[in-house]
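I have placed the structure first, in the form of structure tokens, so that the comments after it can refer back to it.
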Amino acid sequence: MNVPCVRVPRESGEETRKQLADADLLDHDHQISVVDGDLYIPVVDADAVPSEFEVVEYEAPDRDTQTNPADILGFEPSYERLGDVVILDEDDDKRAREIADAIVASDLRAETVVNRASKIKGELRVRDWDVLVGDSTETVHREYGHEFHLDIASVYFSPRLATERHRVVEQIRPGEHVFDMFAGIGPFAIPAAATGAEVVACDLNESAIEYLRENADRNDVSDRITAIQGDVREVAADYEGWAERLVMNLPHSANEFVETAVKLAADECVVHFYDIQHEDDPFGPGLDAIRDAAEPAFEVEVLEEKVVRSYAPHEYNVCLDVRLTRRQ
1 MNVPCVRVPR
11 ESGEETRKQL
21 ADADLLDHDH
31 QISVVDGDLY
41 IPVVDADAVP
51 SEFEVVEYEA
61 PDRDTQTNPA
71 DILGFEPSYE
81 RLGDVVILDE
91 DDDKRAREIA
101 DAIVASDLRA
111 ETVVNRASKI
121 KGELRVRDWD
131 VLVGDSTETV
141 HREYGHEFHL
151 DIASVYFSPR
161 LATERHRVVE
171 QIRPGEHVFD
181 MFAGIGPFAI
191 PAAATGAEVV
201 ACDLNESAIE
211 YLRENADRND
221 VSDRITAIQG
231 DVREVAADYE
241 GWAERLVMNL
251 PHSANEFVET
261 AVKLAADECV
271 VHFYDIQHED
281 DPFGPGLDAI
291 RDAAEPAFEV
301 EVLEEKVVRS
311 YAPHEYNVCL
321 DVRLTRRQ
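Take the sequence shown: its letter number 110 is residue 110 in the UniProt record's numbering, and every next letter is one higher.
Take a look at the structure:
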């Protein structure tokens, strides 16, 4: 029997499956199929599938019954997957342990289960974890055809931003000069280099830069990435006027680095400025900060105002795409 399916290349399959699962669109009565390098992911409502995906009719086989954590617990637990690590965010230690035990007893693939033990802290943006199952917080995350090795205990990384990263990378052209000011393990920098861009990636976290260099080798782009450990404000002098595209993914404090961004900017430069602001004016403060730093030397043109996700009640994580053009 033919059922509606989202058809995507295999390398985009896991991220697409996550997006469809988050939207409660997965058809759990039929199996995901792989045919000639494409995944066919059954969905329950073709009309509700975002327009960015291709929906086709396909004869998907009936799904063999699998045991999910919810089948064991009697309720649907909240968790996040990063490679073979399952991440919980539970305040109740007993409840966290019950969920971890159910994950182990289920058919969900997991080598490690951790529970968040602190908020993101410090200038390196890391957090503490309670390891409930397994003995390692290292994993390999796959995203849009790229692999990223990381340790969640020593670096910051969010798989929830995969779609947003892909949106930015799709705009990059071969030969472009891209400067990632807060690069982490390379989720922007490595796909950017894979497009043929020349990339400079900077981060204060020494562990993140070590993983970035490893990941550049893992993804065969090390010849197009210069990875620098340090404060971007101290690095900028060596790249003044170089960047044709800037990624500023440090939402809580990117506004403190806009003057550095302007120094890095070439005569024409696109800036992806990430911010967290109240819903009443999510883009205004960021735009004001950019204009204060860039004008009158540069003309500031807003290309896109993008709400990335809800961050907290009445607060949004947003991205402001602007073009800086130097005035003659």
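Note that the Cβ used here is the ideal one computed from N, Cα and C, for glycine as well.
Can you pull the DSSP bridge partners for residue i?
i    : result
E304 : D321
K94  : Paired residue(s): none; K94 is not in a bridge.
A201 : D180 and A227
S310 : Y316
P4   : E57
A112 : In the sequence under discussion, the amino acid at residue 112 is Thr, which differs from the Ala named in the question. T112 is bridged to V85.
Y274 : C319
D130 : N115
P9   : D38
E80  : I87
A243 : A265
Are the Cβ atoms of residue i and residue j separated by less than 8 angstroms?
i    : j    : result
D84  : A110 : yes
D321 : V270 : yes
T260 : A289 : no
A48  : L25  : yes
V318 : P282 : yes
I152 : T137 : yes
V3   : L39  : no
E234 : H278 : no
E59  : M1   : yes
P159 : E214 : no
V168 : V247 : yes
Just how far apart, CA to CA, sit residue i and residue j?
i    : j    : result
A100 : H30  : 27 angstroms
V199 : A193 : 6 angstroms
Q66  : A162 : 27 angstroms
Y297 : L204 : Contrary to the premise, residue 297 reads as Ala rather than Tyr in this sequence. Cα-Cα distance, rounded: 29 angstroms.
R165 : L212 : 16 angstroms
S12  : S33  : 14 angstroms
V262 : I172 : 19 angstroms
L132 : C202 : 33 angstroms
F273 : P251 : 8 angstroms
E210 : A46  : 43 angstroms
A197 : L303 : 21 angstroms
S154 : D135 : 15 angstroms
E14  : P191 : 17 angstroms
H230 : S207 : Checking the sequence shown, residue 230 turns out to be Gly, not His. The alpha-carbon atoms of G230 and S207 are separated by roughly 11 angstroms.
I228 : D62  : 50 angstroms
V44  : P50  : 13 angstroms
P77  : K94  : 13 angstroms
D267 : R327 : 8 angstroms
D22  : H141 : 18 angstroms
Shorter than 7 angstroms, the distance from the beta carbon of residue i to the closest heavy atom of the ligand GTP, or not?
i    : result
T163 : For the structure depicted, the ligand GTP is absent and the ligand set is empty, with no information on it obtainable.
Counting contacts by CB-CB distance shorter than 8 angstroms, is residue i in contact with chain D?
i    : result
E315 : This model lacks chain D altogether; it includes just one protein chain.
(message) Which runs of the beta strand (DSSP E) at least 3 residues long sit entirely within the segment 140 to 167? Give them in chain order.
(response) 146 to 151
- Query: Is the segment 174 to 182 in contact with the segment 232 to 246, if contact means three or more CB pairs nearer than 8 angstroms?
  - Reply: yes
Practice problem: Only counting runs of 3 or more residues, tell me where the beta strand (DSSP E) segments fall wholly within the segment 31 to 77, in order along the chain. | Solution: 33 to 35, 38 to 42 and 54 to 58
> How about the segment 147 to 166 and the segment 184 to 191: do they share at least three Cβ pairs that are nearer than 8 angstroms?
Replying inline: yes
Open item on the list: Taking contact to mean 3 or more Cβ pairs, one atom from each stretch, closer than 8 angstroms, check whether the segment 79 to 94 and the segment 107 to 123 are in contact.
Closed with: At 8 angstroms Cβ cutoff, the stretches touch.
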